[in-house]
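Asker: One structure coming up, written as structure tokens, with questions to follow.
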Amino acid sequence: MSRRDLLCDTAIQILAVDGGRGLTHRAIDREAGVPLGTTKNYFPTREAILTATAARMTALHRAAVDRLRETTPAGISAADVAELYPALLRRAVADDPTQMLAMVELYLEAVRRPGVREALSGMVLANAEAAAALQQKAGLPSTVRDTGLLDAYFLGVAISLLALPPETLRTVGLDDPYELGIGVFCATVPAAAPPRDRSAGPG
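Below you can see the structure in the form of structure tokens.
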């Protein structure tokens, strides 16, 4: 791993744990275990850190998308694709929320910082294009507009699961991650097949 990638990966961790306010040159140096001043040499301003971090996250997502595309079996069905979304939601919220939390912070920064906005745009397009190709492979007539909406729904659901207390989630019907994952898929995918019996697949 390059020194630049190490610093960006460390920034992702800091964003997830401490939020945007905790992201400083000194904090990255300290957490990455590099001499003080190293981060400032690579990224002179805070905006440079945020833009590079957004670009790094985009690159990581593109790599994950490529791996998914390469390992997708030829006979994948619409039901198989639907089952991916509860698994993705569980991974993003319960297993390791680092990427999701950092992404939320970057989305907020993107409102005011064009460089961050541009980097996140690349991630959104890559995800939507890959998801559309995957769904088309499963025989669904999905477009990039469909899968872009699906990603937006997914992000909103994930943020709610991370931010709200369990009693609130129960009251508003957001307490079952499996059903939520299937729900966002079926709400946005044209002609989506009904999900399989939950007892027959991963939950």
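Counting from 1, position 191 in the sequence shown corresponds to residue 191 in this note's numbering; the numbering is continuous, with no gaps. Don't be surprised by glycine CBs; every beta carbon is placed ideally from N, CA and C.
1) State the Cα-Cα distance for the pair L108 and P177, rounded to the nearest angstrom.
2) Just verifying my parser: in three-state terms, what is the DSSP assignment at I76?
3) According to DSSP, simplified to helix, strand and coil, what is R112?
4) Can you give the Cα-Cα distance for A130 and T72, rounded to whole angstroms?
5) How many angstroms separate the CA atom of G203 from the CA atom of G181?
6) Mind checking D9: buried by the 16 CB within 10 Å criterion, or exposed?
7) Nearest to E47 by CA position, among L60, L23 and I159, is which residue?
8) Between A152 and chain D, is the shortest Cβ-Cβ distance under 8 Å, so that the two count as touching?
9) Could you tell me if G173 is buried or exposed, where buried requires 16 or more neighbouring beta carbons within 10 angstroms of its beta carbon?
10) What is the residue span of the alpha helix (DSSP H) that P166 lies within?
11) Do the segment 67-82 and the segment 159-168 meet, that is, are 3 or more Cβ pairs less than 8 Å apart?
12) Distance, Cα to Cα, T147 vs G33?
13) Confirm, please, whether the CB-CB distance from A126 to V144 is below 8 Å.
14) Report the three-state DSSP secondary structure of A102 (helix, strand or coil).
15) So what's M1 in DSSP terms, helix, strand or just coil?
16) Would you mind giving the Cβ-Cβ distance between T58 and M123, rounded to the nearest angstrom? I have them listed as a contact below 8 Å.
17) Verify whether the separation of the beta carbon atoms of D5 and R56 is less than 8 Å.
18) Is it buried or exposed, V17, if we count other Cβ atoms within 10 angstroms and call 16 or more buried?
19) Within its chain, find whatever has a CB closer than 8 Å to the CB of V93; leave out the 5 residues flanking it on each side and keep chain order.
Answerer: Reading off the structure:
1) Counting from one through the sequence shown, the residue named residue 108 turns up at place 108. Counting from one through the sequence shown, the residue named residue 177 turns up at place 177. Using only the alpha carbons, I get a separation of about 25 Å.
2) Here residue 76 refers to the residue found at position 76 when the sequence shown is read from its first residue. In the structure shown, I76 sits in coil (DSSP, three-state: anything other than H, G, I, E or B).
3) Within the sequence shown, numbered from 1, the residue matching residue 112 stands at position 112. The answer is coil: DSSP assigns R112 none of H, G, I, E or B.
4) Numbered from 1 along the sequence shown, position 130 holds the residue referred to as residue 130. Numbered from 1 along the sequence shown, position 72 holds the residue referred to as residue 72. Counting only the Cα atoms, T72 lies some 11 Å from A130.
5) One-based indexing of the sequence shown puts residue 203 at position 203. One-based indexing of the sequence shown puts residue 181 at position 181. Any reading at G203 is ruled out, since the residue's pLDDT is 40, under 50, leaving its predicted position unreliable.
6) Here residue 9 corresponds to residue number 9 of the sequence shown, with the count starting at 1. It is buried - the Cβ of D9 has at least 16 other Cβ atoms within 10 Å.
7) In the sequence shown, residue 47 corresponds to position 47, counting from 1. Out of L60, L23 and I159, L23 has the C-alpha closest to the C-alpha of E47.
8) Among the chains in the structure shown there is no chain D, since it carries only a single protein chain.
9) The residue labelled residue 173 in the question sits at position 173 within the sequence shown. Classification for G173: exposed.
10) Counting from 1 along the sequence shown, the entry for residue 166 is found at position 166. It spans P166 to T171 - the alpha helix (DSSP H) in which P166 sits, taken as one unbroken run.
11) no
12) The residue given as residue 147 occupies position 147 in the sequence shown. The residue given as residue 33 occupies position 33 in the sequence shown. Approximately 40 Å, taken between the alpha carbons.
13) Residue mapping note: residue 144 aligns to position 144 of the sequence shown, counting from 1. Residue mapping note: residue 126 aligns to position 126 of the sequence shown, counting from 1. Going by C-beta atoms, V144 is not nearer than 8 Å to A126.
14) On the sequence shown, position 102 is the one that residue 102 refers to. Helix, per DSSP.
15) For this step, residue 1 is matched to residue 1 along the sequence shown. M1: coil per DSSP, three-state reduction.
16) Stepping through the sequence shown from its first residue, residue 58 is reached at position 58. Stepping through the sequence shown from its first residue, residue 123 is reached at position 123. Contact holds; Cβ gap of about 4 Å.
17) Here the question's residue 5 lines up with position 5 in the sequence shown. Here the question's residue 56 lines up with position 56 in the sequence shown. Closer than 8 Å, so yes.
18) Taking the sequence shown and counting its residues from 1, one reaches residue 17 at position 17. Flag for V17 reads exposed.
19) Working through the sequence shown from its first residue, we reach residue 93 at position 93. So the qualifying residues of the chain are M100, A158, L161, L162 and P177.
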